[in-house]
Amino acid sequence: TARPGGTGWRSGVGRARRRCVANLVPDLRRRPAAGGAGRAPQEAETTARVLTGTEFSRSVAATTATRGIQMGAGLVTTVIVARMLGPEGRGLFAVATAVGALGIQATNLGLHASNTYAAARDPLRVPALLGNSIVASVLLGGVAAVGVALLCVAWPSLAPVDGTLFALALATIPLGLFYLLLQGLLLGIHAIGPYNRIEVATRILGLLLVAGVVLVGRITVVALFIPVVAATAVGGALAFRRLIAGTAGE
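With our numbering applied, the sequence shown covers 10 to 259.
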């Protein structure tokens, strides 16, 4: 028998240690460490399954698709307008569009964002917020449009475009402001589906009306700008109808 501390005893301990290591290594290779790389793919798959099944992920996908449709319809409309009107007419169309956009930007006063916040915080306030939006559209957008019109009547040189086109451009201010404020309410009550459908409907309607003008053959700047005003008005009407229906349902 090898005595402790002797050469034979040390060699026996060494052989036993090597056998233990040899038996342990294959077992470690077969069994992944707890919480290690073996569980990572399963956890990632579970997380992805949960995310794809949530309302949030569906809303994100629908909104992304809506933006793609909007971009496509806007691109086609822009190409048609540019081809039909030429450089001068396209410039007048762009100026009229800018007048409406600047008017909406100057008169919204951040109310669309406050509508979203207030509606999300207390959905029961939506009827009051809807009434405030109507009043704000008339007082801010309508008064601004009338004020600019009177100013340009007094000093005609201030008008960026003349006649009917300028009147249509001013009309888009209260209409566009009304639509913008109601979009904020739709987002506040988490009506993402109706919001996206209304956005798609307005873009498709504008494109169809422009195509109709081209088919009729009476191509003027005014005739091609009327679809912009009509689509904006229809968008506001659809948003108003959805909010009224939701309020009545509550």
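Every residue, glycine too, gets a C-beta built ideally from N, C-alpha and C.
- Annotated three-state conformation of residue 228 is coil, per DSSP.
- When the alpha-carbon of residue 168 is set against those of 131, 67, 250 and 108, the nearest one is in 108.
- Counting only the Cα atoms, residue 195 lies some 15 Å from residue 75.
- Minimum Cα-Cα distance from residue 178 among the listed residues 208, 90 and 235 corresponds to 235.
- Here residue 82 is not near residue 190, since their CB atoms are 9 Å or more apart.
- The DSSP-derived three-state label of residue 119 is coil.
- Rounded to the nearest whole angstrom, the CA to CA distance from residue 187 to residue 110 is 13 Å.
- Within a 10 Å sphere around the beta-carbon of residue 163 sit fewer than 16 other beta-carbons, which makes this residue exposed.
- As the crow flies, the alpha-carbon of residue 92 is around 15 Å from that of residue 221.
- Residue 248 sits in a helix when the DSSP states are folded into three classes.
- Between residue 232 and the set 197, 173 and 143, the nearest pair of CA atoms involves 173.
- Counting the other CB atoms within 10 Å of its CB gives residue 212 a total of 16 or more, which places it among the buried residues.
- Contact annotation: residue 135 and residue 197 have beta-carbon atoms nearer than 9 Å.
- Per DSSP, residue 195 is one residue of the alpha helix (DSSP H) stretching across 172-197.
- Inter-segment contact for the stretch 111-119 and the stretch 142-150 is present: three or more beta-carbon pairs are separated by less than 8 Å.
- With a cutoff of 9 Å on beta-carbon distance, residue 170 and residue 101 are scored as near each other.
- In summary, residue 251 is buried, with 16 or more beta-carbon neighbours lying within 10 Å of its beta-carbon over all protein chains present.
- Residue nearest to residue 128 within the set 237, 192, 214 and 242 is 192 (criterion: CA-CA distance).
- In this structure residue 97 is exposed. Its beta-carbon is surrounded by fewer than 16 other beta-carbon atoms within 10 angstroms.
- With at least 16 other beta carbons inside 10 angstroms of its own, residue 183 counts as buried.
- Our two residues, residue 248 and residue 124, have alpha carbons roughly 14 Å apart in a direct line.
- Nearest Cα to residue 242 within the set 131, 206, 180 and 89: 180.
- Counting of Cβ neighbours within 10 angstroms places residue 152 among the exposed residues, the total staying below 16.
- For residue 146, there is no enclosing alpha helix (DSSP H), as DSSP marks it with neither H nor E.
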